[in-house]
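Participant: For the record, the sequence lines run as chains A and B.
Counting from 1, one number per residue, gives the positions in the first sequence under the UniProt record's numbering.
Counting from 1, one number per residue, gives the positions in the second sequence under the UniProt record's numbering.
The beta carbon of each residue, even a glycine, is placed where N, CA and C say it ideally should be.
This structure is a prediction, so every number in the text was calculated from the model and none was measured.
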Amino acid sequence: MNFRTKLLAATAIVSASAASAVELEVTHWWTSGGEAAAVSKFADAWNATGNTWVDGAIAGSGGTARPIIISRILGGDPMAATQLNHGRQAEELIEAGLLLDLTDVAEAGGWRDIVNPSSLLDSCTLDGRIYCVPVNIHSAQWLWLSHDAYEKAGVAVPSDWNEFVASAPALEKAGVTPLAMGQQGWQQNLAFGAITIAVAGLDAWREVTVNKNADVARGPEYTAVFEAVASARELARESNVQDWNQATNMVITGTAGAQLMGDWAQGEFSVAQQVEGEDYSCLPGLGLNPILDTGGDAFYFPVNDDPEITAAQKELAALLISPEVQVSFNLAKGSLPVRGDIDMAAANGCMQKGLGILADGGVLPSGDQSLSADTQTQIEDLMAQFWSSDMPASEAQAKYADIIARAD
Amino acid sequence: MTVASDPPVQTVRKPNRMFKNKMAKIASIPMILTALCVFVGGTLWTVLHSFTGSRMLPKRDWVGLAQYERLWDSDRWIISVKNLALYGFFSLTFTLVVAFCLAACLDRKIRFENTFRTIFLYPFALSFVVTGLAWQWILNPQFGFQSVVRGWGWESFNFDPLNNPETVMFGLLIAGLWQGTGLIMCIMLAGLRGIDEDIWKAARVDGIGTVKTYVQVIIPMMRPVFITSLVLIASGIIKLYDLVVAQTNGGPGISSEVPAKYVINYMFQAQNLGQGFAASTMMLVSVVIILIPWAYLEFGGKKNG
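See below:
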C-alpha cells in the first residue's frame, strides 16, 4: 500500500462517514461557564439524532461576535446555523435573501400557538414569513444581591432598588463595593434600561423607546431616571472589572453587594453552587415594577446550496424548540423557555418568579426589538461615557434625547 | 494595459520610453491593476458611499453631508480625534528621540551590541494584540507594576494609568513605544553605520565634541533615514486600532477611543456603513492634508531642480 492508495482509502472513509451524518457548524457567543453548559445541551440533543454539531463558539460578547457572523454570511462563507438576538439585527440580511425561510417548519410545529409571548415570533417574522427560531427569553431587569455582603454589613437584604440605594452606605462602611458593574458600554446601557423601567414606569419608557418621542425623553420622568443612574454610578465607582461574569463573581464572592444584570447571571450562580434565597436573591424589575422585557436569543439559518444541509437545518430548527430540549437548555442557561406548554417545575426560585411575571403578562419588547443597532450603539457610547466620567445627569439626558430624536 | 494595446509598429520608427524594460513592465501589470482596482477603486467607492444612508448593506440613497454632520456632532468621534492627535504627537517625538539615542549608544562600539540589538528589536516581533494584553496586565494595579513596587515597601506608590480617563492614552503610549522603538532604532543604526568613518575623524581633528557632532553633522546627513522612520511611525499612528482593542477596548468609558475603532464599530457593530465610511473618509482626508504638501516638497522639488 503506497502513500497514494492510503490517501485514497482515507478519503473514502471520510466521505463515507460524512454521508451518514450531516455536520452543521453552529456559531454562537455563549462562552461563560453557565452559557457553555447550556449550549452543550443543544449539542448533545443534536448529536443524539445521529448528526454532528460542530461548535463555532466566538469569544467575546455579542458586539464582537455579531460582526464576524454577519461578515461570514455576507462574504459567502455561511455557517449552517447561528445565534443572533432576534429583533432588528438580521432585518437587512433577510431582505437580501441570505437567511433560510423556516415558515414550513413553523407551520408544521404549530409555533404560532406554542410560542409565548407571541411577540418573540413576531420578531422572527418579516412580511409574514418566519426566519428564525426563538430559543429562550432573556430579560435584563434583574437586581442580584449577595447575602454574604449584607451579612458583613449587618443590614437586611433589600427588597427593592430604593432600599438597596439606602443600604449602600452600610455596605461601603463594611468595605464592600455596593454595585458591581463591568466597564463595558452594553452593561452600562443594560443598567440604564433596567433603572428606566423601574423609575420612569412603563408608559414613559414605551413612549421613548418604541415611539421615539424625544419630548418625553427630555421630560421630568427621564430626569428622575438620569439622576438615579448618576447615583448608581457613584455606587459602582470602585468596580473596575470588565466582563459581566467578573462582575457577577464579585456578587458571588461577596465583594460587591449587588449587580444589575440580565437573568443569564443565574447560570453563573448555579455553576458556583450557590442557592437562591440562601446565598443570593434576585429582584425582577428591581423589585419596583414586576415587568420583564422579552429579548432573547434566536437561531438563524443562512441559505445554503446543498439540499442535504438545508434539510438538516430545518431538522435542527424543529429540534431547538422541542419541549425536552427547551427544558434542559433553559434550566442550564437560567433563561425562560419560549413555550408556555412545558413543565418547568425543576426551575429554581428566580426562574419561577420570572415565569410568574410572564404568566401575568408583565412583558414588554426588548430594546433590541425596538431600536436599531445604530441607535443602540450610540446609546451605549453615551452610557460608557456617562458612567466613566463626571458628566452631569442633565447633560446626559439632553444627549440621550438627541439620539432618540435622530433614531429611526 | 497600455503596454499591451499599443501597436508594436511604432517601436521600429522611434524607440518609445514606454517600451524600455518591457519584461519588468509586464511583470508589474498585476500590481498596477491591484493598486488601481483595490486601492484607488475601493477608496473611491468608500468615499462615494459615505454620502449615502447605507446601513448594514451598501445602497445608493443619497443623504448629502448628513453623515459628516452627525460625525462631527458625535462626542465619541471628537474624543477619538483628540486622542489620536495626542498619541501621534508623543509617539512621533518619543520614538524618534528614544530610537536615535539607543542607536547612537549601540553605535559607540559597546560590548554585546548584538545582544542588546536583539533585545530592543524583540518587542516588534510581537503582535499588537499580545503587546496590548501584556501591558494591560503589567499596568493592572492589583497584580502589575503598582503592586510590585508596593511589595518592595513603598506603600503609597500609585501607578494606575489605564483606569483614569486623563492618563489612559499614556498607558497606551508606553505599550506603543515599547513595541515600535526597536524597529526604528535598527533603521537608525543602519543609517549611522552608513556614515563614513572619515567624518568622525575629521570632526575629531577639528575638536568637535561627540554630542555636537551627532546633532550638527550626523543627523543632517541621515535625512533619508529619518524620512523612512517618519513614514513608518506615521502610518503606525493612523492605523492605531488593535493595541487599543487589546489593552483598553476604548475604556474607561470612551476615553481611549481612536478613529479606526470608530470606523470598525460603526460599520459592523452599529451596522451603519454610511457613518463608518464617513469616518474613514475623514481619516483619509487628514492623511492627504499632511501627505500632499510634504510629498510635494520632498519629491516634487527634486524633479524640477
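1) For Asn85/A, report the span of its beta strand (DSSP E) as first-last.
2) Below 8 Å on the Cβ atoms is my guess for Leu202/A versus Leu364/A; work out the distance and round it to an integer in Å.
3) List the residues of chain A whose Cβ lies closer than 8 Å to the Cβ of Asp242/B, in chain order.
4) Is the number of C-beta pairs between the region 236 to 247 of chain B and the region 123 to 141 of chain B that are closer than 8 Å three or more?
5) Pull up the CB-CB distance for Ala228/A and Ile197/A, whole angstroms please, since I reckon it's below 8 Å.
6) How would you list, in chain order, the residues of chain D whose beta-carbon sits under 7 Å from the beta-carbon of Pro392/A?
7) Can you tell me the Cβ-Cβ gap for Ser322/A and Pro252/B, rounded? I've got them flagged as a contact below 8 Å.
8) Which complete alpha helix (DSSP H) runs does the region 42 to 74 of chain B hold, if anything under 4 residues is left out?
9) In terms of residues, what are the limits of the alpha helix (DSSP H) holding Gly276/B?
10) Report the partner residues of Ile68/A according to the DSSP bridge assignment.
11) Nearest by alpha-carbon distance to Cys124/A: which of Gly262/A, Trp142/A, Leu84/A and Gly154/A is it?
12) Go to Val216/A, then tell me how far its alpha helix (DSSP H) extends in each direction, as first and last residue.
13) Straight-line CA distance for Gly209/B to Gly274/B?
14) Let me see if you follow: with CB-CB separation under 8 Å, is Pro67/A close to chain B or not?
15) Could you name the residues of chain A that Gln269/B contacts, counting a contact when the two beta carbons are closer than 8 Å?
16) Output the boundary residues of the alpha helix (DSSP H) element that contains Cys186/B.
17) Residues of chain B with CB under 7 Å from Asp381/A, in chain order?
18) Just tell me which of Val285/B, Tyr262/B and Pro293/B has its CA closest to the CA of Thr377/A.
19) So the beta strand (DSSP E) Phe299/A belongs to, where does it begin and stop?
20) Can you give me the C-alpha to C-alpha distance between Trp178/B and Pro123/B, rounded to a whole angstrom?
21) According to DSSP, is Ala393/A part of a helix, a strand, or is it coil?
22) Indicate whether Ala347/A and Leu331/A have their beta-carbon atoms separated by less than 8 Å.
23) Can you tell me where the alpha helix (DSSP H) holding Thr177/A begins and where it ends?
24) Quick one: list the residues of chain A neighbouring Pro165/B, beta-carbon separation under 8 Å, in chain order.
25) Please report the residue range of the beta strand (DSSP E) in which Thr294/A lies.
26) Determine the extent of the beta strand (DSSP E) in which Gln259/A is found, giving its start and end residues.
27) May I have the straight-line CA-CA distance separating Met222/B from Leu102/B, to the nearest angstrom?
28) Going along chain B, which residues have a C-beta under 7 Å from Gln385/A?
29) Which residue comes first and which comes last in the alpha helix (DSSP H) that contains Leu243/B?
30) For the candidate residues Ile219/B, Ala279/B, Ser229/B and Leu162/B, whose alpha-carbon lies nearest to that of Ser256/B?
31) When DSSP labels each residue in this structure, what does Val54/A get in the three-state scheme?
32) In chain order, what residues of the same chain lie with their CB nearer than 8 Å to the CB of Tyr87/B, ignoring the 5 residues before and after it?
33) In chain order, what are the residue ranges of uninterrupted alpha helix (DSSP H) at least 4 long that sit wholly in the region 96 to 144 of chain A?
34) For the alpha helix (DSSP H) containing Ser388/A, name the first residue and the last one.
35) Apart from the five residues on each side of it in sequence, which residues of its chain come closer than 7 Å, Cβ to Cβ, to Val115/A?
36) According to DSSP, is Glu23/A part of a helix, a strand, or is it coil?
Facilitator: Walking through what the data contain:
1) Ala81 to Asn85
2) 7 Å
3) Those within 8 Å of Asp242/B in chain A number zero; the least Cβ separation is about 13 Å.
4) yes
5) That pair is no contact at about 11 Å.
6) Looking for chain D here will not work: the only protein chains present are A and B.
7) In fact, because the Cβ distance is near 45 Å, the residues do not count as touching under 8 Å.
8) 42 to 49 and 66 to 73
9) Leu273 to Ala295
10) BP columns for Ile68/A are empty, so no partner.
11) Leu84/A
12) Ala214 to Arg218
13) 58 Å
14) yes
15) Gly63, Arg66, Pro67, Ala373 and Thr377
16) Val168 to Arg193
17) Arg76 and Ile254
18) Tyr262/B
19) Asp297 to Tyr300
20) 7 Å
21) helix
22) yes
23) No alpha helix (DSSP H) contains Thr177/A, which is instead part of the beta strand (DSSP E) from Thr177 to Ala180.
24) Ser388 and Ser389
25) First-last for Thr294/A: undefined, no H or E at that position.
26) Ala256 to Leu260
27) 15 Å
28) Asp75, Gly253 and Ile254
29) Asp242 to Gln247
30) Leu162/B
31) strand
32) Met169, Leu172, Leu173, Gly176, Ile237, Leu240 and Val258
33) 103 to 109, 111 to 114 and 119 to 124
34) Ala373 to Ser388
35) Leu121, Pro134, Val338 and Arg339
36) strand
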